[in-house]
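In terms of the working numbering, the sequence shown is residues -14 to 150.
Positions of the beta carbon are idealized from the N, C-alpha and C atoms, including for glycine.
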Amino acid sequence: MALFGQIPLVKKQVTLSAGFVTAFDYVMEILTPGSLARLRIEGMAAGASEKFELQGGAYAIEQVYYTKPRSEGFFESHKKYIDVQVVVEGVEAMEVSDVSHLTISEPYLPEKDFIKYADTTATSSIRVGSGAVAIFFPTDGHMPTLQVDGRSQLVRKTVVKVPVA
């Protein structure tokens, strides 16, 4: 079941395996003004994406993009990793649905740890702003990067991939 909200509250809801400890340590660094990680993501241009290896098999994908209309989004899920998605700057909408309610449109690609699903309206929507986190487990089909109130805006975000225990 997906978790979302402010980091201190969400952190209390997960079992702090080594992967989650690494993820939250990294997230706190990137959210700290003036830190090397924060300066790095602030310096990235729109459309840029960089991967950083972390400890314990976890890794982070720092990305900068403009949010998109829902019609351009898609649902995805992963089997090997749990997504810890944190908006550093900006705000975006995300939708989530249990994968048992979704229809696979592209089968699992092990090398990308990625399953793509057909669109559905049987979802829940969340709004994720600066400093908030959304955690998606393998049972959570999710559609991130969406516009809020029909307006595109620049978002700086990191997605920490935590290995499934």
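DSSP state of residue i, grouped into three classes?
| i | result |
| --- | --- |
| P(-7) | helix |
| V6 | helix |
| L16 | coil |
| A103 | coil |
| L(-12) | strand |
| A150 | coil |
| L1 | coil |
Please report the Cβ distance between residue i and residue j, rounded to the nearest whole angstrom; I am assuming they are in contact, meaning their Cβ atoms lie under 8 angstroms.
| i | j | result |
| --- | --- | --- |
| L87 | G126 | 5 angstroms |
| F(-11) | V118 | 7 angstroms |
| T108 | S90 | In fact, because the Cβ distance is near 15 angstroms, the residues do not count as touching under 8 angstroms. |
| V73 | L16 | 6 angstroms |
| V149 | I26 | The pair is not a contact, with the Cβ atoms about 26 angstroms apart (cut-off 8 angstroms). |
| K53 | S110 | Their Cβ separation, rounded to whole angstroms, is 15 angstroms, which puts K53 and S110 out of contact at 8 angstroms. |
| M29 | F122 | About 28 angstroms separates the two Cβ atoms, so there is no contact after all. |
| K65 | D98 | 5 angstroms |
Spatial neighbours of residue i within its chain, please: C-beta separation below 8 angstroms, excluding the five flanking residues on both sides.
| i | result |
| --- | --- |
| T106 | none |
| L1 | F9 |
| T124 | M(-14), S62, D83, V84, S85 |
| I120 | A(-13), L(-12), F(-11), V(-5), V(-1), I67, D68, V69, Q70 |
Quick one: what's got a C-beta closer than 7 angstroms to residue i's C-beta in the same chain, skipping five residues either side?
| i | result |
| --- | --- |
| R112 | V76, A78, V133 |
| Q(-2) | L(-12) |
| Y50 | A31, G32, T130, V140 |
| A3 | G41 |
Which same chain residues end up closer than 6 angstroms to residue i when comparing Cβ atoms and leaving out the 5 residues on each side of it in sequence?
| i | result |
| --- | --- |
| T143 | I15, A45, E47, V71 |
| S115 | V72, E74 |
Next item on the list: Ignoring anything shorter than 4 residues or poking outside the stretch 28 to 101, list the alpha helix (DSSP H) runs there in chain order.
Entry: none
Margin query: Is it the case that the stretch 127 to 137 contacts the stretch 75 to 95, given that we only count it when at least three CB pairs across the two stretches are under 8 angstroms?
Written below: yes
Next item on the list: May I ask you to verify whether the stretch 13 to 26 touches the stretch 60 to 69, counting CB pairs closer than 8 angstroms and requiring at least 3?
Entry: no
Check: Does the stretch 37 to 47 come close enough to the stretch 7 to 17 to have 3 or more Cβ pairs within less than 8 angstroms?
Finding: yes
Next item on the list: Would you mind listing the beta strand (DSSP E) stretches within the stretch 121 to 150 that are 3+ residues and don't spill past its ends, in chain order?
Entry: 125 to 131, 139 to 148
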